[in-house]
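*Asks:* For the sequence shown, our numbering assigns the number 1133 to the initial residue and increments by one for each residue that follows.
Backbone N, C-alpha and C define an ideal beta-carbon position, used for all residues, glycine too.
Input: one structure, supplied below.
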Amino acid sequence: MSTRLRSQDWFGGNDLNAFIHRSWMKNQGIPDRMFDGRPVIGICNTHSELTPCNAHFNDLAEQVRLGVVEAGGFPVVFPVMSLGETIIRPTTMLYRNLVSMDVEESIRANPIDGVVLLCGCDKTTPALVMGAASCDLPTIVVSGGPMLNGRHQGRTIGSGTSAFEMSEAVRAGCMSECEFRSAESATSRSPGHCNTMGTASTMASIVEALGLTLPCNAAIPAVDSRRRVLARDSGVRIVEMVAENLTMSSVVDRRSLENAIRVNTAIGGSTNAVVHLLAIAGRLEIPLELADFGEQSRDVPLLVNLMPSGTFLMEDFFYAGGLPAVIAELGDTLHQDARTVTGKSLGENNSGEVVWNQDVIRSKESPLRSNAGIAVLKGNLAPNGAVIKPSAAAPELLQHTGRAVVFHGIDDFTARIDSPDLDIEADDVIVLTDVGPKGFPGMPEVGNLPLPRRLLEQGVRDMVRISDARMSGTAFGAVVLHVAPESAVGGPLAAVEDGDLIELDVPRGVLRILIDDDVLQRRLSRLDLPTRSNTSGYQRLFVDHVMQADQGVDFDFLVGKRGTEVHGDNH
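As structure tokens, this is what we get:
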């Protein structure tokens, strides 16, 4: 080791503090030889029985530990708050930044030379990467892997996507509640995160595209023994990375971020990737803007035929070749020379990979869609931008003008959407306000709003819906999201009134309310913005410091790298 490890500031020497640090660690049965200067590897574990996606992580942590020991390192497992998308209320996005602070401060405050991030459920991946980025130590990510395919009554069902479809079928009277209930166990039948290309699978793919994982990380099923091997190999590799001083910032650069955006397009990834990549870029001090998502995804084909944009699930994706096959198929669409945690380039890691099932992973010459990247919209309704996922929308709605039907907050929506007296038709545009970062607070996944029961019964299955919220990566529909600035801070969305005509033109990147500018300005000047007098504790910190969707919804004081230097002893 050419440079002194930071862990030696705790464990090296013979003074009082070194005595205390070593002595207390020894009460776990750690022998004295472990303090001989070998690298200390932190294993950041988001295991929790309240996070079903991550409930198997203790086994993965043990595999990482074995790999670290095998390579001559000193492994230490430490917990951080775990975010269970399926259970936490009101939304895990409220706590993503809190977990990033937990990770950052845990790394900095402890004798850690390199870190392995165990991620699975949606927000655990960006939260852990953001926190580690601000410390900028050697870092490698191990995802938990997707569940096995759901199977029910002879057909494949996918996490979230199929549940949304069945729920609407129940509301439309096309499916019984008993049948709906019977699908529960068949949907989630093994450990792991969502088996669709939801946000968890998307972010597992994103970190692989960024070069922060070993190849094949994204798609190996949680219960496949190869997931455990990858975890163990990652434990070996992080020890080598510490010796090489291969920090996160020496792996991830602008090329890596552009690769991640393009891969997200090719896999039909979640719109949530937008806010997470913007936040990660901010922590690493790499310029990235909302407009880059439209620019970098232009002309990138949709290759992966997975729900919600397609037919198959993550288990099928793995058997078809997984992300390495997609990277190889994309070829020079990506920066193949981008660096990765293996010490090799992205192209070197994935050269020669084969697509084993072209129904699941299409070729560039025969894509699922030729141009299906997340579209960035601008106009007088979203001056700082909004996003839509065209591959998950009804094509005929991507150029649409309709009459606004406005709901002020999710409680108003829930109370009125199924009312027989609601004046709404299939060509109308549903507008939801006060569900953005500050307005909710936390920007929940409610953007894929249920359609009115009366229209569902008529056979309507998609409508244009606009909000300052997010939507689940497993969801689908002509849903405009992340409108910035949000309504709660005086954004134009707050000025929309019932009956206003709204124009959505995805090919042109336009989102407009068709009223005169002076009328819009008069409405904005009269807005009575909501107050949050009952917000306290962490929610107060969130509301006071969260940035808008086009800036990644990070806290203003967390942007950038702060390193790992710690001043002063604890005794």
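Hey, how far is the Cα of D1356 from the Cα of L1588?
*Replies:* As a position in the sequence shown, residue 1356 is number 224, starting the count at 1. As a position in the sequence shown, residue 1588 is number 456, starting the count at 1. Approximately 40 Å between the Cα atoms of the pair.
*Asks:* Extract the residue ranges of the alpha helix (DSSP H) inside the segment 1510 to 1561, only unbroken runs of 4 or more that lie entirely within it.
*Replies:* 1542 to 1548
*Asks:* According to DSSP, is M1133 part of a helix, a strand, or is it coil?
*Replies:* Reading the sequence shown from its first residue, position 1 is the one you call residue 1133. With a pLDDT of 44 at M1133, under the threshold of 50, the modelled position of that residue is not reliable, and no figure is offered here.
*Asks:* For A1626, which of helix, strand or coil comes out of DSSP?
*Replies:* One-based indexing of the sequence shown puts residue 1626 at position 494. Helix, per DSSP.
*Asks:* By alpha-carbon positions, which one of L1269, L1250, G1286 and E1236 ends up nearest to G1263?
*Replies:* Numbered from its first residue, the sequence shown carries residue 1263 at position 131. That would be E1236, whose Cα lies nearest to the Cα of G1263.
*Asks:* Using C-beta distances below 8 Å, list every residue in its chain close to R1364, excluding the 5 sequence neighbours before and after it, in chain order.
*Replies:* Position 232 of the sequence shown holds residue 1364. Answer for R1364: Q1195, V1196, L1198, G1199 and E1202, listed in chain order.
*Asks:* From the DSSP output, read off the bridge partner residues of G1246.
*Replies:* Counting from one through the sequence shown, the residue named residue 1246 turns up at place 114. DSSP lists I1173 as partners of G1246.
*Asks:* Terminal residues of the continuous beta strand (DSSP E) containing A1350?
*Replies:* Taking the sequence shown and counting its residues from 1, the one referred to as residue 1350 is at position 218. Counting along the chain, A1350 falls outside any beta strand (DSSP E), and DSSP gives it neither H nor E.
*Asks:* Would you mind sorting H1703 into buried or exposed? The rule is 16 or more other CB atoms within 10 Å of its CB.
*Replies:* Position 571 of the sequence shown, counting from 1, holds the residue named residue 1703. The residue is exposed, with fewer than 16 neighbouring Cβ atoms inside 10 Å.
*Asks:* What are the partner residues of I1598, as DSSP defines its beta bridges?
*Replies:* As a working mapping, residue 1598 is identified with position 466 in the sequence shown. Answer is V1563 and V1612, bridged to I1598.
*Asks:* Assuming L1435 contacts E1461 (C-beta within less than 8 Å), just tell me the rounded distance between them.
*Replies:* Reading the sequence shown from its first residue, position 303 is the one you call residue 1435. Reading the sequence shown from its first residue, position 329 is the one you call residue 1461. With a Cβ gap of about 6 Å, L1435 and E1461 count as contacting.
*Asks:* Can we count Y1227 as close to the ligand ADP, meaning its CB is less than 7 Å from some heavy atom?
*Replies:* You won't find the ligand ADP in this model; it holds no ligand whatsoever.
*Asks:* Do I1239 and T1696 have their CB atoms nearer than 8 Å?
*Replies:* To locate residue 1239, count along the sequence shown from 1; it is residue 107. To locate residue 1696, count along the sequence shown from 1; it is residue 564. Against a cut-off of 8 Å, the Cβ pair of T1696 and I1239 comes out as a contact.
*Asks:* For the alpha helix (DSSP H) containing H1153, name the first residue and the last one.
*Replies:* Position 21 of the sequence shown holds residue 1153. Element bounds for H1153: L1148 to K1158.
*Asks:* Tell me the start and end of each unbroken alpha helix (DSSP H) in the segment 1625 to 1680 that is at least 4 residues and wholly inside, in chain order.
*Replies:* 1649 to 1657 and 1669 to 1677
*Asks:* Let's see if you can read the secondary structure: which residues bound the alpha helix (DSSP H) around I1289?
*Replies:* The residue given as residue 1289 occupies position 157 in the sequence shown. Not the alpha helix (DSSP H): I1289 falls in the beta strand (DSSP E), residues R1287 to I1289.
*Asks:* Looking at the structure shown, is L1466 part of a helix, part of a strand, or coil, going by DSSP?
*Replies:* Working through the sequence shown from its first residue, we reach residue 1466 at position 334. L1466: coil per DSSP, three-state reduction.
*Asks:* What does the Cβ neighbour count give for C1306, buried or exposed, with the cut at 16 atoms within 10 Å?
*Replies:* For the purposes of this step, residue 1306 is taken as residue 174 along the sequence shown, with counting starting at 1. By the neighbour-count criterion, in which a residue is buried when 16 or more other Cβ atoms sit within 10 angstroms of its Cβ, C1306 is exposed.
*Asks:* Please classify L1478: is it buried, with 16 or more other beta-carbons within 10 angstroms of its beta-carbon, or exposed?
*Replies:* Stepping through the sequence shown from its first residue, residue 1478 is reached at position 346. Counting every other CB atom within 10 Å of its CB across the protein chains shown gives L1478 a total of 16 or more, marking it as buried.
*Asks:* Tell me, please, whether the segment 1335 to 1347 touches the segment 1370 to 1388 by the rule of three or more beta-carbon pairs shorter than 8 Å.
*Replies:* yes
*Asks:* Pairs of beta-carbons, one from the segment 1263 to 1273 and one from the segment 1576 to 1587, closer than 8 Å: are there three or more?
*Replies:* no
*Asks:* Since I believe S1214 is in contact with T1178 (beta carbons under 8 Å), could you give me their beta-carbon distance rounded to a whole number of angstroms?
*Replies:* Walking along the sequence shown from the start, residue 1178 turns up at place 46. Walking along the sequence shown from the start, residue 1214 turns up at place 82. Indeed, because the Cβ distance is near 4 Å, the residues count as touching under 8 Å.
*Asks:* Quick check: what's the CA-CA separation for D1553 versus S1291?
*Replies:* Residue numbering aside, residue 1553 sits at position 421 when the sequence shown is read from its first letter. Residue numbering aside, residue 1291 sits at position 159 when the sequence shown is read from its first letter. Answer to the nearest angstrom: the Cα atoms are 34 Å apart.
*Asks:* Under three-state DSSP, which class holds G1282?
*Replies:* Residue numbering aside, residue 1282 sits at position 150 when the sequence shown is read from its first letter. Strand.
*Asks:* I'd like to check one pair, P1419 with S1333: are the Cβ atoms closer than 8 Å?
*Replies:* Here residue 1333 refers to the residue found at position 201 of the sequence shown. Here residue 1419 refers to the residue found at position 287 of the sequence shown. Their beta carbons are not under 8 Å apart, which means S1333 does not touch P1419 by this criterion.
*Asks:* Which residue or residues does DSSP assign as beta-bridge partners of R1501?
*Replies:* In the sequence shown, residue 1501 corresponds to position 369, counting from 1. For R1501, which the question treats as bridged, DSSP gives the partners L1434.
*Asks:* Based on Cα-Cα distance, which residue from W1156, D1164, G1169 and R1165 lies nearest to D1141?
*Replies:* On the sequence shown, position 9 is the one that residue 1141 refers to. It is G1169.
*Asks:* How far does the alpha helix (DSSP H) with F1210 in it reach, from first residue to last?
*Replies:* Within the sequence shown, residue 1210 is the residue found at index 78, counting from 1. Unbroken run through F1210 is the beta strand (DSSP E), F1206 to P1211; no alpha helix (DSSP H).
*Asks:* Where do the ends of the beta strand (DSSP E) carrying V1274 lie?
*Replies:* One-based indexing of the sequence shown puts residue 1274 at position 142. From DSSP, the beta strand (DSSP E) with V1274 extends over T1271 to S1275.
*Asks:* Taking only three categories from DSSP, how would you classify S1477?
*Replies:* Working through the sequence shown from its first residue, we reach residue 1477 at position 345. Residue state, collapsed to three classes: strand.
*Asks:* Could you work out which residue in R1154, R1586 and G1534 is closest to E1300 when comparing CA atoms only?
*Replies:* Taking the first residue of the sequence shown as 1, we reach residue 1300 at position 168. Looking at the Cα atoms, R1586 is the closest of the given residues.
*Asks:* Is I1562 near V1537, with beta carbons less than 8 Å apart?
*Replies:* Along the sequence shown, one-based indexing puts residue 1562 at 430. Along the sequence shown, one-based indexing puts residue 1537 at 405. Yes; because the gap between Cβ atoms is below 8 Å, this pair is in contact.
*Asks:* What does the alpha-carbon distance come out to for the pair A1558 and V1596?
*Replies:* Against the sequence shown, residue 1558 aligns to sequence position 426. Against the sequence shown, residue 1596 aligns to sequence position 464. Straight-line Cα distance between these residues: approximately 9 Å.
*Asks:* According to the Cβ coordinates, are D1259 and R1283 closer than 8 Å?
*Replies:* Counted from its first residue, the sequence shown places residue 1259 at position 127. Counted from its first residue, the sequence shown places residue 1283 at position 151. A small fix is needed here, since residue 1259 is Ala in this sequence, not Asp. Going by beta carbons, A1259 and R1283 fall outside the 8 Å limit.
*Asks:* Just to confirm, are G1517 and D1682 a CB contact at a threshold of 8 Å?
*Replies:* Numbered from its first residue, the sequence shown carries residue 1517 at position 385. Numbered from its first residue, the sequence shown carries residue 1682 at position 550. Result yes, Cβ atoms of G1517 and D1682 sit closer than 8 Å.
*Asks:* For T1223, I'd like the list of residues in its chain whose CB is within less than 8 Å of its CB, leaving aside the five on either flank, ordered along the chain.
*Replies:* Here residue 1223 refers to the residue found at position 91 of the sequence shown. Around T1223: F1572, G1574, M1575, P1576 and E1577.
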